[in-house]
Structure formats: C-alpha cells, structure tokens
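What follows is a set of notes on a single structure, which appears directly below.
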Amino acid sequence: MSSSDRQVWQAFVQLADTLTADFDVIEFLHTLAQHCVDLLGVTACGIMLADHTGRLNLVAASTEQARLVELTQAQAAEGPCAGAYRTRAPVSCPDLAAARERWPDFAAAAMSAGFAAVHSLPMRLHGDAIGAMSLYSTQPTTLNSQTAELGQALADVATIGILHERTLRRREVVTEQLQNALASRITIEQAKGILAERFHISVGEAFTMIRAYARAHSLKLADTAHAITEGKLSITIPE
Amino acid sequence: MADPAIGVWLSITARARSEGTAVGVRHAVTACAEAIGAGAVLSMSASLGSHEPVFATDPRSDELEDLQSTLGQGPSAEVIDGFGPVLEGELASAQALARWPEFSPAAVARGVAAVFAVPVGVGAARLGVLSLYRDWAGPLSRDQFNALLLYADAVVMLALHERGGLAPGAIDVIGEGFTERRAEVHQAAGMVSVQLGVSLTDALVAMRARAYAEGRTISQVAADVVARRLSFTPTEPLLPGRGAPIPEEQAASSGDPPAPEEKRAEDEHGEGGE
C-alpha cells in the first residue's frame with residue numbers, strides 16, 4: 045500500500061467511524077472537507093446544499109474564511125457549483141482566467157479570492173441532486189481521472205452522511221434531514237455573529253471557538269451554537 | 002426558470018387585496034392552505050417557550066393544534082423542540098401511532114390522514130410553527146414542500162414586519178426579497194442581538210427597520226454590520242426617522258422626541274456595496 049493509498053484508507057475509516065447512530069452532521073462534513081483538501085491536493089473545499097428556493101448554501105468547508113462563504117453566494121446563479129447541481133454531473137474549470145466570459149461574476153469573485161481553478165462535483169441521491177461539493181485551487185489545475193473518482197466518492201460519502209441510512213427508506217425523511225442541516229448551519233452563523241461581537245473577533249475565529257467548545261464537551265456543533273444563541277453557554281476566550 | 006417565491010408572494014398579496022386590507026400573516030396561512038389543499042394553523046411562540054395557535058383556516062385544524070400543545074405531543078410539538086420540519090403522510094400507520102400514541106388516533110378520528118409541520122423562523126430565531134392537516138394520506142410532492150417552506154418564510158417576514166410596526170407600504174418593498182438568506186444576514190443578526198441586548202428575532206426586526214428606512218436591502222445592512230462599518234446602539238429607536246413613518250400609537254404615546262440616531266461607525270456605507 046503506497047502512502048497515498050494509506051491516507052485514503054485512513055480517511056474512509058475515520059469517516060465511516062463517525063457515521064454512528066447520533067453523529068454530528070456538520071462536524072462530519074467539516075472533517076470530510078478537510079480530507080478532500082488533503083487527499084485531492086486542492087487548496088479549499090466547500091460543501092453546499094440546495095435550499096427550497098433552489099439556492100446553494102455553504103454548510104461546511106475546509107476553512108471558515110469569509111472568502112469561501114462569499115464565493116458560495118457569488119455562484120448562486122452561475123458558476124461550476126450551480127452547474128454541477130443543476131446537471132447532476134461534474135463541472136470543471138481548470139483555469140478561471142479562461143472562464144471570464146462563461147461566468148463573469150463568479151470568475152471575478154473567485155480570482156479576487158485568490159483561486160485559479162474550481163472543480164465541482166454533484167451530491168447525488170437516486171438520480172436527484174441535493175447540492176454540490178466544490179474544490180478550489182490557487183493554481184490552474186486539471187483533476188486526473190483517478191482524483192476525480194476519489195473526489196466523487198467523497199462527495200457521495202458527504203451525501204450519505206447528511207441523509208443517514210434511515211433516509212433511504214422514506215422521501216420525507218430525506219427532506220427533513222436536508223432542512224435540518226440547512227437550519228443548523230443558519231444557527232451556527234448566528235452564534236458566530238454573537239461571539240464575534242462579544243469578543244471582538246472575526247467570524248472565522250468565532251467558528252473555531254464554537255468547534256473547540258463542542259469537541260471539548262462532546263456536544264454537537266448545532267447544539268452548541270443553539271445554546272450560545274439562547275445565552276445558556278458560558279463560553280470564554282482561552283487565555 | 003420562474004421563481005416559485007414570486008408566485009407564493011403574489012398569492013398572498015392577492016388575498017389581502019381581495020379583502021381590501023393590508024397584507025398580514027393570516028393571508029399567508031390561508032394562501033398556503035389553499036395551495037397545498039389542507040387546513041392550516043399558525044402557532045406563534047408566546048412568553049416562556051409556550052406556543053399558541055394565532056390563526057387557523059378551519060375549526061378542526063385549530064382544535065388539533067390545541068390538542069398537540071395540551072398533550073405536548075405531535076408534529077408541531079416536535080418542530081418546536083427541533084431544528085427542522087416534521088412530515089407525516091401516513092398518520093394512521095403503525096409508525097405514526099407509535100410515535101404519537103395519543104395525538105395520532107385523535108387526529109385520525111377527526112378525518113385527518115396526513116400532517117406536515119414546518120418551523121417558522123430563521124435558525125435560532127424561532128417564531129412559531131406552521132402546520133397543515135390534510136384529509137388524504139401520502140407525502141407532499143417536492144414542489145408542494147418547497148411551497149410550504151416559502152409560505153413559512155413569508156410568515157417570518159410578515160411577522161417581523163408586524164413586530165417592528167413598519168409602515169404598511171414597506172411590505173411590498175421588503176416582500177420582494179423575502180427569501181433572501183445570506184450568511185452575512187445570520188451573522189449580522191447575531192452581532193446586532195449583542196449590540197442591542199435583544200433576541201435574534203428583535204435583531205432581525207431592527208435590521209429590517211433600518212434597511213427600509215435607508216432604502217437598502219437587508220443584505221446590504223448586514224454586510225455593513227459584519228464589516229463593522231455599522232453598529233446598532235440601544236438608544237437608537239427601532240424606527241429611524243428617515244423614510245419610515247412612525248406608527249400612530251407609538252407617535253401618540255411618545256411625548257419626548259426620540260433619542261438622536263447614533264452611529265458609532267459614521268455614514269460610510271455610501272461607498273459602493275455592489
């Protein structure tokens with residue numbers, strides 16, 4: 045087994061290990077996004093779910109930098125993620141500079157965020173798409189077929205993680221799970237704002253605090269965020 | 002692709018127009034019931050976490066909603082405690098009877114075959130629950146479910162509007178963007194709630210009032226808050242003088258002139274946001 049094979053193996057073992065009965069879906073997706081960066085050799089990874097208006101919302105990412113959130117919004121209507129979601133097929137943009145005509149707003153936003161290439165993979169279930177996973181690189185990049193296959197496998201794992209095994213039984217539960225993930229993310233954003241204001245830190249730093257607290261206390265990210273919004277959690281900046 | 006949100010908003014405003022009244026939450030509930038083909042109830046959170054039905058399209062739905070809050074059991078009761086919707090297309094199924102042993106038989110006995118409940122709120126800003134009681138079994142179609150969520154969004158917007166006491170005319174301006182949910186809006190709501198020492202719901206009300214008063218979108222206001230170009234202060238009235246007429250009862254009751262509008266970050270939000 046080569047070292048990269050071993051890395052892939054370890055990533056899947058760790059992810060499968062997380063998929064227990066009552067796991068933290070948002071934390072799971074963050075871990076998965078980080079694995080994508082490590083295994084696929086990209087700079088950043090964002091996992092997006094479509095809401096009831098058909099817009100894609102970032103639910104987890106390898107980095108909480110604002111630029112990734114902003115980029116998600118820039119591609120609500122155009123760009124590779126919207127394309128991958130709509131067509132249920134991968135959409136690649138190996139060189140954003142060459143995509144300025146195809147996606148004027150998105151290409152400009154992505155380049156000003158420091159990215160040179162974007163690859164988006166659909167998150168599929170039963171022939172439907174529920175969202176898309178985007179891989180960002182700071183250099184113009186093409187994904188070779190092996191990397192693209194591994195990326196799609198990771199996107200499929202993300203889908204399974206969001207929908208749990210239960211959902212394969214009933215469509216209604218699929219819908220409930222998706223909405224849960226989206227609402228959890230909104231609550232996390234609100235909690236980030238609360239901490240950012242209270243401690244005069246960036247929203248990215250606020251996320252790190254929430255995640256550290258959740259881990260230290262074996263709580264779900266969404267539950268931690270909800271407790272913060274209700275003022276039920278005395279969270280302080282570590283010395 | 003036509004935006005379904007526009008159709009939803011038009012169905013609500015058409016109802017208000019036919020009644021010759023200002024658009025309100027009950028128009029959204031009635032239009033939702035009609036669109037889905039079910040009875041609908043809106044329960045809003047009252048003090049100390051309790052919920053009360055505030056509007057129902059029919060007595061049966063009203064009664065069943067009441068029953069849920071008495072029993073503390075049923076789809077709406079679960080929505081209140083959770084994060085997302087609770088959908089049960091087969092209320093007479095063994096699964097549903099086991100899940101809600103008292104509520105399910107009572108609803109089935111009254112001829113209800115399916116119940117669908119969705120939260121009314123934005124993340125942790127929870128305002129209430131919108132519940133549908135339908136005569137026939139089966140899941141909602143995807144389009145119906147999306148429509149139900151859009152009606153719930155409209156209820157949020159209308160409820161915030163009523164809470165903020167904004168001018169009736171503001172609703173059309175704000176209504177156009179009622180599905181706007183950027184991450185900055187949620188982050189800003191958290192920040193403003195700390196700045197003003199209020200709930201997330203009231204922070205959203207304050208942001209909305211500000212956006213309307215300044216003729217901007219809530220996203221633009223939120224972007225300024227997150228970039229710390231704009232900060233809300235507790236002395237600032239919810240209704241800044243510019244543009245927004247003050248509702249009568251408030252204008253009549255306040256003998257003193259409102260506190261001068263304070264802004265820590267000076268008027269710099271003029272620079273091109275887009």
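Quick mapping for you: the protein sequence lines, in order, are chains A and B.
Taking my numbering, the leading residue of the first sequence gets 45, the next gets one more, and so forth.
Taking my numbering, the leading residue of the second sequence gets 2, the next gets one more, and so forth.
Yeah, the Cβ is synthetic: ideal placement off N, Cα and C, and Gly gets one too.
Since the structure is predicted, the reported quantities are computational estimates derived from the model, not experimental observations.
Does any residue of chain B bring its CB to less than 9 Å from the CB of residue i?
i, result
"A88 of chain A", "no"
"L239 of chain A", "yes"
"R99 of chain A", "yes"
"R210 of chain A", "Since pLDDT at R210 of chain A reaches only 48, below the 50 mark, its modelled position is unreliable, and the value read off the structure follows with that caveat. So, not an interface residue."
"V247 of chain A", "yes"
"L102 of chain A", "yes"
"N224 of chain A", "yes"
"Q221 of chain A", "yes"
"S228 of chain A", "yes"
"H96 of chain A", "yes"
Look up residue i in the DSSP assignment and give the residues it is bridged to.
i, result
"G175 of chain A", "A:L93, A:M167"
"V130 of chain B", "B:S44, B:P120"
"S181 of chain A", "A:A161"
"A115 of chain B", "B:R135"
"H52 of chain B", "B:S46"
"A88 of chain A", "A:Y180"
Residue i and residue j: beta carbons closer than 9 Å?
i, j, result
"V247 of chain A", "K236 of chain A", "yes"
"L205 of chain B", "V121 of chain B", "no"
"A1 of chain B", "V116 of chain B", "The question about residue 1 of chain B has no answer here: the residues shown for chain B are numbered 2 through 275."
"V9 of chain B", "A32 of chain B", "yes"
"A227 of chain A", "F104 of chain B", "no"
"L65 of chain B", "V30 of chain B", "no"
"H96 of chain A", "R255 of chain A", "no"
"P208 of chain B", "V186 of chain B", "First, the residue type needs correcting, since residue 208 of chain B is Met and not Pro in the sequence shown. Yes."
"P138 of chain A", "T185 of chain A", "yes"
"M177 of chain A", "S164 of chain A", "yes"
"F150 of chain A", "E122 of chain A", "yes"
"N101 of chain A", "R143 of chain B", "no"
"K264 of chain A", "E108 of chain A", "no"
"G216 of chain B", "P140 of chain B", "no"
"V69 of chain A", "A266 of chain A", "yes"
"S62 of chain B", "S12 of chain B", "no"
Does the CB of residue i have a neighbour CB from chain A at under 9 Å?
i, result
"L201 of chain B", "yes"
"S51 of chain B", "no"
"L161 of chain B", "no"
"G83 of chain B", "yes"
"A282 of chain B", "Given a span of 2 to 275 for chain B in the structure shown, any question on residue 282 of chain B remains unanswerable."
"D136 of chain B", "no"
"P86 of chain B", "yes"
"T180 of chain B", "yes"
"V24 of chain B", "no"
"A114 of chain B", "no"
"R211 of chain B", "no"
"R143 of chain B", "yes"
"P235 of chain B", "no"
"M208 of chain B", "no"
With DSSP as the reference, label residue i as helix, strand or coil.
i, result
"S136 of chain A", "strand"
"S278 of chain A", "coil"
"L98 of chain B", "helix"
"L102 of chain A", "strand"
"L231 of chain B", "coil"
"A57 of chain B", "strand"
"V87 of chain B", "strand"
"S12 of chain B", "helix"
"A39 of chain B", "coil"
"A189 of chain B", "helix"
"R255 of chain A", "helix"
"R135 of chain B", "strand"
"H74 of chain A", "helix"
"A141 of chain A", "helix"
"A168 of chain B", "coil"
"A23 of chain B", "coil"
"A125 of chain B", "coil"
"I272 of chain A", "helix"
"Q51 of chain A", "helix"
"T236 of chain A", "First, the amino acid is wrong: residue 236 of chain A is Lys here, not Thr. Note: K236 of chain A maps to helix in three-state DSSP."
"E269 of chain B", "The pLDDT assigned to E269 of chain B is 40, lower than 50, so where the model puts this residue is not dependable, and the model offers no usable value."
"V199 of chain B", "coil"
Three-pair Cβ contact test at 8 Å for the region 81-91 of chain A versus the region 191-202 of chain A: With a cut-off of 8 Å, the region 191-202 of chain A and the region 81-91 of chain A count as touching, because enough Cβ pairs lie within range.
Between the region 39-48 of chain B and the region 133-150 of chain B, do three or more beta carbon pairs fall short of 8 Å? By the criterion of at least three beta-carbon pairs nearer than 8 Å, the region 39-48 of chain B is in contact with the region 133-150 of chain B.
Is it true that the region 187-198 of chain B meets the region 123-132 of chain B, where meeting means three or more beta-carbon pairs spaced less than 8 Å apart? Yes: the two stretches touch, three or more of their Cβ pairs being nearer than 8 Å.
Three-pair Cβ contact test at 8 Å for the region 127-136 of chain A versus the region 169-183 of chain A: Touching, yes.
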